[in-house]
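Colleague:
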Amino acid sequence: MMVTIQRMSASLFVSFRKARCFIKLLAISISIVFGPQSLAAKPPLSVAISVDMPPYVINQAISGLQVDIIKLALDDYDVRFVQMPFGEIQTAVQKGIADVGVGVLEDDSGVFYSDHFITFANVAVSKKASSKKIEQVADLKDHLVLTWQNAYLELGDAFEQLYSPQSPERENYIEVADQADQVRIFWQGNNRIAVIDRSIFIYFTKALGYVADDATFHYVFPSVTSFQASFKEAKVRDSFNQALGKLCQSGEYNKLLSRYEVKLKSTVCENNRPSE
């Protein structure tokens with residue numbers, strides 16, 4: 117009986133050793149095939165981003181220029197996008213709604229701001245048939261202006277003075293949360309001017325069945341307007357900046373611009389460099 121028990125114990129010990137070796141080999145194989153991060157889940161990161169505005173945010177933030185840049189620059193995290201109107205993103209991190217807010221401007225609110233990571237080419241748009249002469253911001257006066265939320269803060273001093281909340285011209289100024297609606301409203305009425313990124317306008321114009329050549333683009337704003345991302349944690353911001361610099365240095369950033377047919381006179385890569 118004793119001999120039988122000893123044999124059983126020896127057999128169990130051998131089986132245990134084999135099982136342990138198998139588990140180790142399996143773990144090594146997974147690490148080789150999928151990389152070391154497959155053995156540990158990426159930390160989750162909630163990212164506040166605008167409602168769809170192709171080509172920057174497409175199909176509920178599944179793709180788009182802005183979406184792809186964020187995913188690549190935060191590859192070490194499990195990014196989970198939270199879509200919201202553009203005007204709410206500026207304070208999303210401050211209010212605890214998200215860990216990151218993309219497409220914001222730096223202020224004194226106490227969060228951590230990235231380098232500029234996305235650039236828009238904003239224009240004033242009129243219908244070609246109206247033959248409007250708009251050569252400077254002041255020429256927008258007396259027209260109904262359709263634009264995005266908080267645009268009056270982001271397009272230079274002349275535009276802010278003309279359409280600040282205290283200005284009498286504010287009654288001819290409408291901020292639209294969804295830029296598809298902004299373009300639709302533009303085409304459906306007369307004496308309306310859309311102030312919008314050129315690529316966004318062209319995309320929604322085609323999607324709505326209109327023809328971009330029926331519009332006139334007036335270049336009365338700075339050639340580009342660049343935006344940042346806000347972060348709850350400085351270490352995440354620093355990681356983002358470093359990765360963004362590498363995207364620029366490798367040429368991947370410019371490839372993304374080409375993929376989404378976004379044409380700019382200058383990009384953030386002309387100022388951003390990878391951190392040492």
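Its first residue numbered 117, the sequence shown is counted upward by one per residue in our numbering.
Even glycine gets a Cβ: it sits at the ideal position worked out from N, Cα and C.
All figures in this text were calculated on a predicted structure; none of them were measured in a lab.
1) Quick one: any contact between the region 333-343 and the region 185-203, if contact means 3 or more CB pairs under 8 Å?
2) For VAL163, which residues does DSSP report across the bridge?
3) Can you grab the Cα-Cα spacing for the pair ILE374 / ASN175, in whole Å?
4) Can PHE236 and ILE185 be called in contact, C-beta distance under 8 Å?
5) Here's the rule I'm using: 16 or more other beta-carbon atoms within 10 Å means buried, otherwise exposed. How should PRO284 be labelled?
6) Whether or not the region 305-315 and the region 255-271 are in contact is what I'm after, with contact meaning three or more pairs of Cβ atoms, one per stretch, closer than 8 Å; do they touch?
7) Measuring only the C-alpha atoms, how far is GLN344 from LYS257?
8) Mind checking whether VAL218 and VAL261 have CB atoms under 8 Å apart?
9) Check whether the region 352-364 and the region 235-253 touch, using three or more Cβ-Cβ pairs below 8 Å as the test.
10) My output table needs one value for ILE230: the three-state DSSP class, helix, strand or coil.
11) Please classify SER247: is it buried, with 16 or more other beta-carbons within 10 angstroms of its beta-carbon, or exposed?
12) Which one of GLU386, ALA189, PRO281 and THR332 has the shortest CA to CA distance from ILE250?
13) Going by beta carbon distance, what residues of the same chain come within less than 6 Å of LEU141, once the five residues before and after it are set aside?
14) In three-state terms, what does DSSP make of LYS351?
15) On a CA-only basis, which of ALA245, SER230, TYR376 and TYR369 is nearest MET169? Give me that one, please.
16) Could you pull out every unbroken beta strand (DSSP E) segment of at least 3 residues lying fully inside the region 311-369, listed in chain order?
17) Does the distance from the C-beta atom of PHE320 to that of VAL292 stay below 8 Å?
18) Out of LEU190, ASP191 and ALA214, state which residue places its alpha-carbon closest to the alpha-carbon of MET200.
19) Tell me the rounded alpha-carbon separation between LEU155 and THR383.
20) Could you name the residues that DSSP lists as bridge partners for LYS243?
21) When you compare only the Cα positions, how much space is there between ASP330 and ASN357?
22) Is DSSP giving GLU276 helix, strand or coil here?
23) Which partner residues does ASN238 have in the DSSP bridge list?
24) If I measure Cβ to Cβ from LYS379 and keep anything under 7 Å in the same chain, skipping five residues before and after, which residues do I get?
25) If we ignore side chains and look at the alpha-carbon of each, how far apart do ASP255 and GLU386 end up?
26) Please state whether DSSP places VAL299 in a helix, a strand or coil.
27) Which residues bound the alpha helix (DSSP H) around LEU188?
28) Excluding five sequence neighbours on each side, which residues of the same chain lie with their C-beta closer than 8 Å to the C-beta of ASN307?
Modeller: Checking against the coordinates, here is how it stands:
1) no
2) For the purposes of this step, residue 163 is identified with residue 47 of the sequence shown, where counting begins at 1. Looking at the DSSP assignment, VAL163 forms a beta bridge with PHE197 and VAL216.
3) Mapped onto the sequence shown, residue 374 falls at position 258. Mapped onto the sequence shown, residue 175 falls at position 59. Before going further, note that residue 374 is Ser rather than Ile in the sequence given. Whole-angstrom Cα-Cα distance: 19 Å.
4) As a working mapping, residue 236 is identified with position 120 in the sequence shown. As a working mapping, residue 185 is identified with position 69 in the sequence shown. Their beta carbons are not under 8 Å apart, which means PHE236 does not touch ILE185 by this criterion.
5) Locating residue 284 in the sequence shown gives position 168, counting from the first residue. Its Cβ having fewer than 16 others within 10 Å, PRO284 is exposed.
6) yes
7) The sequence position of residue 344 within the sequence shown is 228, counting from 1. The sequence position of residue 257 within the sequence shown is 141, counting from 1. Spanning the two alpha carbons is a distance of roughly 30 Å.
8) Within the sequence shown, residue 218 is the residue found at index 102, counting from 1. Within the sequence shown, residue 261 is the residue found at index 145, counting from 1. No, the pair does not count as a contact, with Cβ atoms beyond the cut-off.
9) no
10) What you label residue 230 is simply residue 114 of the sequence shown in a count that begins at 1. The displayed chain sequence assigns Ser, not Ile, to residue 230. Looking at SER230 - three-state DSSP - the assignment turns out to be coil, as it is neither helix nor strand.
11) For the purposes of this step, residue 247 is taken as the residue at position 131 of the sequence shown. By the 10 Å Cβ count, SER247 comes out exposed.
12) For the purposes of this step, residue 250 is taken as residue 134 along the sequence shown, with counting starting at 1. Considering only alpha carbons, the answer is THR332.
13) Taking the first residue of the sequence shown as position 1, residue 141 is located at position 25. In this prediction, LEU141 scores a pLDDT of 49, lower than 50, which makes its location untrustworthy; the coordinate-derived value is nonetheless stated afterwards. Closer than 6 Å at the Cβ level, and outside the excluded window around LEU141, lies no residue.
14) In the sequence shown, counting from the first residue as 1, residue 351 sits at position 235. The answer is helix: DSSP assigns LYS351 an H, G or I state.
15) In the sequence shown, the residue the question calls residue 169 occupies position 53. Here the closest residue by C-alpha is TYR376.
16) 331-334 and 341-347
17) Working through the sequence shown from its first residue, we reach residue 320 at position 204. Working through the sequence shown from its first residue, we reach residue 292 at position 176. No, these two residues do not count as a Cβ contact at 8 Å.
18) Counting from one through the sequence shown, the residue named residue 200 turns up at place 84. When each option's Cα is compared against that of MET200, the closest is ALA214.
19) The residue labelled residue 155 in the question sits at position 39 within the sequence shown. The residue labelled residue 383 in the question sits at position 267 within the sequence shown. Because the pLDDT at LEU155 is just 47, under 50, the model does not fix this residue reliably, and the value given afterwards should be weighed accordingly. The alpha-carbon atoms of LEU155 and THR383 are separated by roughly 37 Å.
20) Position 127 of the sequence shown holds residue 243. LYS243 pairs with ALA331.
21) The sequence position of residue 330 within the sequence shown is 214, counting from 1. The sequence position of residue 357 within the sequence shown is 241, counting from 1. So the two alpha carbons sit approximately 40 Å from each other.
22) Translated into the one-based positions of the sequence shown, residue 276 becomes position 160. Note: GLU276 maps to helix in three-state DSSP.
23) Reading the sequence shown from its first residue, position 122 is the one you call residue 238. DSSP output for ASN238 lists ASP313 as bridge partner(s).
24) In the sequence shown, the residue the question calls residue 379 occupies position 263. Correct list: empty, nothing qualifies.
25) Looking up residue 255 in the sequence shown gives position 139. Looking up residue 386 in the sequence shown gives position 270. Between ASP255 and GLU386, the C-alpha separation is close to 32 Å.
26) Walking along the sequence shown from the start, residue 299 turns up at place 183. Here VAL299 sits in helix by DSSP.
27) Within the sequence shown, residue 188 is the residue found at index 72, counting from 1. Segment 181-189, the alpha helix (DSSP H) holding LEU188.
28) Position 191 of the sequence shown, counted from the start, is the residue given in the question as residue 307. Answer for ASN307: SER246, HIS259 and LEU260, listed in chain order.
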